[in-house]
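Counted the way our numbering counts, the sequence shown spans residues 493 to 899. Even for Gly, the Cβ is constructed at its ideal location relative to N, Cα and C. Everything numeric in this text was worked out from a predicted model, so none of it was measured. Below is one structure, written out as structure tokens; the observations come after it.
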Amino acid sequence: MTRPKRRRPLLLATLVALGLATVAAPAQAHVVSWGPGTYIAAPTPTRVLDTRDGTGGVSSPLGSGGELTFHIANLPANTVAVVLNVTAVGPSADGFLTVYQDDFSRPAASSVDFSAGQTTANLVTVGLTNDDVEIFNHFGTTDVLADLEGYYVSSDDGAGFTTTAPTRVLDTRDGTGRGGLAGPVGSNSTISVSVPAVPVDATSIVLNLTATDATAASTLTAYATGSPRPATSNLNFAAGQTIANLTVVPVNSRKFSIWNTAGTVDLVADLVGYYTSAGAGLFTAIPPSPLYDTRDGTGAQGKVAPLGPNQTVAVPLDMAFLPPDVSAVALHLTVTNATATSFLTVYPDDPNNPDRPNASNINFTPGQLVSNTVIVPVVNGAVDLWNQTGNVDVVADMTGFYESFTP
């Protein structure tokens with residue numbers, strides 16, 4: 493590949509949105525952060541913020557309306573965005589965090605959504621200025637963690653992204669990915685998974701990782717097989733909870749490992765893409781831009797109604813904003829006001845291949861406020877959302893896009 497050109501911030505289009513708060517949010521705009529970039533996995537995933545112990549310079553919980561800034565050291569000078577796993581720990585109320593680029597206006601959107609008492613993680617990619625990141629808490633009090641998973645650089649030093657149709661590479665319930673060996677992962681136990689579907693030179697893979705049927709509150713750590721286990725986490729869950737989180741995992745010889753802290757838990761992992769040095773996908777991060785909201789009709793031609801059981805909606809993308817060679821978009825997906833235990837599946841709106849993949853992107857129970865990041869290919873200028881059962885309000889914000897680079 494040749495060196496990607498660095499873009500300056502650019503105002504392109506204006507949309508009006510409501511945030512997850514109960515009052516109307518200000519008008520929002522598509523703004524391009526520095527980009528595009530190729531991806532470099534952190535040599536070792538590192539905790540760069542922990543308000544419980546002062547890591548990152550903040551040593552107390554973040555209160556309602558509170559904001560913090562933390563610095564990420566030792567990044568290359570040409571870093572354009574960072575990939576963080578951000579966790580809200582022990583929140584006192586239902587709420588959400590907004591993670592955004594330092595020196596940009598705070599977007600009227602969420603990055604991590606949580607219910608009271610629910611420790612919740614979400615993968616966040618945020619543009620970078622002066623190696624500083626801002627986090628704002630909208631309701632209640634919560635501790636906040638941030639683990640650096642990797643970063644994008646404005647050169648060909650990193651890897652390019654290739655998106656794939658969701659492919660199940662692990663399911664401990666039926667032995668997928670474990671040679672047919674079915675059974676939950678035990679306490680303080682590690683499993684290794686081979687992913688033959690990716691090229692031999694893949695440096696990292698992108699998984700939607702789901703924990704289900706847990707017998708205790710626990711955390712999962714995903715890392716390259718054969719490498720030391722990092723002191724970070726990728727997914728947090730309570731006993732009995734089913735929850736998913738998008739995860740970028742380095743691989744060695746197409747293998748990765750997952751460590752479970754406590755109790756037993758079944759794990760499901762769907763492959764949605766991978767990074768290689770020859771990969772064509774360059775990523776550009778943008779502040780969260782409203783795309784779809786069932787509560788106010790955004791992206792639904794003004795129709796205000798929750799997504800119903802077994803219902804599919806096609807959500808149009810702003811193709812005037814996206815580059816002509818766009819290959820995929822990154823979305824922050826939030827569900828709220830659910831009436832039943834269910835899940836959503838997000839997939840390309842493709843008239844030539846309309847089949848819905850056998851995969852889930854976000855799982856939830858009645859009344860739960862939860863979110864996840866989704867990467868979905870762009871085929872027909874829209875993405876499809878399907879809800880399994882019950883009624884649920886859905887909010888989707890676009891947080892970035894991939895371009896199909898051709899030498």
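Between the CA atoms of VAL692 and GLU559 - distance to the nearest angstrom
43 Å
Since I believe TYR715 is in contact with PRO742 (beta carbons under 8 Å), could you give me their beta-carbon distance rounded to a whole number of angstroms?
7 Å
Going by C-alpha distance, which of ASN845, ASP705, ALA832, THR865 is nearest PRO880?
The identity of residue 880 in the sequence shown is Gln, whereas the question assumes Pro. Here the closest residue by C-alpha is ALA832.
C-alpha gap between ALA613 and ARG660, whole angstroms
Between the C-alpha atoms of ALA613 and ARG660 there is a straight-line separation of about 22 Å.
Reduced DSSP category for ALA888 - H, G, I as helix; E, B as strand; rest coil
strand
With a threshold of 16 other CB atoms inside 10 Å of the CB of MET811, please say whether the residue is buried or exposed.
exposed
For ASN629 and VAL550, the rounded distance between their alpha carbons:
14 Å
Evaluate VAL796 with the Cβ neighbour count: other Cβ atoms within 10 Å of its Cβ, from every protein chain shown; 16 or more gives buried, anything less gives exposed.
Burial check for VAL796: the Cβ neighbour count within 10 Å stays below 16, so the residue is exposed.
Considering only residues of the same chain and omitting the five flanking positions on each side of PRO843, which have a CB-CB separation below 7 Å?
ASN872
If you draw a straight line from the alpha carbon of VAL875 to that of HIS824, how long is it in whole angstroms?
13 Å
Please classify PRO780 as buried or exposed, where buried requires at least 16 other C-beta atoms within 10 Å of its C-beta.
buried
Do you know how far the Cα of ASN570 is from the Cα of ASN829?
42 Å
Classify ALA731: buried if its beta carbon has 16 or more other beta carbons within 10 angstroms, exposed otherwise.
With fewer than 16 other Cβ atoms from the protein chains shown falling within 10 Å of its own Cβ, ALA731 counts as exposed.
Distance between PRO840 and ILE697 (C-alpha atoms, nearest Å)
PRO840 has its alpha-carbon roughly 20 Å from the corresponding atom of ILE697.
Counting along the chain, where does the beta strand (DSSP E) carrying ALA580 start and finish?
571-581
Tell me whether PRO568 is buried or exposed, calling it buried when 16 or more other Cβ atoms sit within 10 Å of its Cβ.
exposed
Shortest alpha-carbon distance to TRP878 belongs to which of ASP545, ASN566, THR837?
THR837
So what does DSSP say about VAL636, is it helix, strand or coil?
Note: VAL636 maps to strand in three-state DSSP.
CB contact flag (GLY826, THR617, <8 Å):
The sequence shown places Thr at residue 826, not Gly. Taking 8 Å as the Cβ cut-off, THR826 and THR617 do not qualify as a contacting pair.
Comparing C-alpha positions only, which one of ARG539, ASP586, PHE606 sits nearest to ILE735?
PHE606
Buried versus exposed, by CB contacts within 10 Å (16 or more), PRO801:
exposed
Leaving out the 5 sequence neighbours to the left and right, which residues in its chain are closer than 7 Å to ALA723 when beta-carbon positions are compared?
Setting aside the 5 residues that flank it on each side, ALA723 is surrounded in the same chain by ARG539, each with a C-beta closer than 7 Å to its C-beta; the list follows chain order.
For PRO518, I'd like the list of residues in its chain whose CB is within less than 8 Å of its CB, leaving aside the five on either flank, ordered along the chain.
Confidence in PRO518 is poor, its pLDDT being 34 and thus under 50, which makes the residue's placement unreliable; the coordinate value appears in the next sentence. Here the set comprises ALA600.
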